[in-house]
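**Student:** Please see the structure below; I have some questions.
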Amino acid sequence: MGVEFAGYFHLGCSDLARTTIFYEKLGLRVMDEGDEGGELLLGDSGGLRVWPLPVSGEGADLRFGEAVVVFYCEDVLSEHKRLIADGAEILSEPSRPYGPWELHLRDPDGLWIMLIERPLEPLKPPLPTEMP
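Take the working numbering: the last position of the sequence shown gets the number 139, and nothing is skipped along the way.
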């Protein structure tokens with residue numbers, strides 16, 4: 008099994024507005040804003056995406072300036088078993104907080120890695136007749 012770079016990474020930040028201004032000065036632009044106003048996605052035309060996540064700094068899993076590199080894989084549960092057998096540092100058991108399976112681990116130097124299971128078919132919003 009292999010992984011493929013998902014084209015984005017999460018970045019722990021202390022001030023979302025300040026972080027946005029910094030990356031806009033580098034040439035990235037706001038590509039999407041979350042419904043709650045606390046999330047946004049910055050990117051460029053080459054496919055790179057930066058997803059800054061505000062962190063409090065107190066007891067937060069993600070720290071200021073820490074990056075989470077995101078990869079796609081075909082089967083998170085199989086990767087989890089294989090990585091445990093290889094002695095990888097697993098940060099959390101596989102879960103589905105946003106739909107697809109994901110797994111969090113660290114590389115040998117402590118870099119946070121997130122594996123997301125790529126759906127076999129592109130995700131589509133539900134049709135109005137399918138909604139509750």
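Just so it is clear, CB atoms sit at the ideal spot from N, CA and C, and this is done for glycine as well.
Here the structure is a predicted model, which means the values were calculated and not measured.
1. Helix, strand or coil for alanine 67 per DSSP?
2. How far does the alpha helix (DSSP H) with arginine 25 in it extend, from its first residue to its last?
3. What are the start and end residues of the beta strand (DSSP E) that includes valine 83?
4. Does the distance from the C-beta atom of valine 62 to that of leucine 47 stay below 9 Å?
5. Short of 8 Å in beta carbon distance, which residues of its chain neighbour valine 76, apart from the five on each side in sequence? Order them along the chain.
**Tutor:** Looking at the coordinates:
1. In the sequence shown, counting from the first residue as 1, residue 67 sits at position 60. With a pLDDT of 49 at alanine 67, under the threshold of 50, the predicted position of this residue should be treated as unreliable, and no value is reported.
2. As a working mapping, residue 25 is identified with position 18 in the sequence shown. Run containing arginine 25: 23-32, per the alpha helix (DSSP H) assignment.
3. Position 76 of the sequence shown, counted from the start, is the residue given in the question as residue 83. Element bounds for valine 83: not the beta strand (DSSP E) but the alpha helix (DSSP H), 83-92.
4. Numbered from 1 along the sequence shown, position 55 holds the residue referred to as residue 62. Numbered from 1 along the sequence shown, position 40 holds the residue referred to as residue 47. Cβ distance not < 9 Å, so valine 62 and leucine 47 don't count as in contact.
5. As a working mapping, residue 76 is identified with position 69 in the sequence shown. Once the five neighbours on either side are set aside, the close Cβ partners of valine 76 are Phe12, Phe16, Leu118, Trp119, Ile120, Met121.
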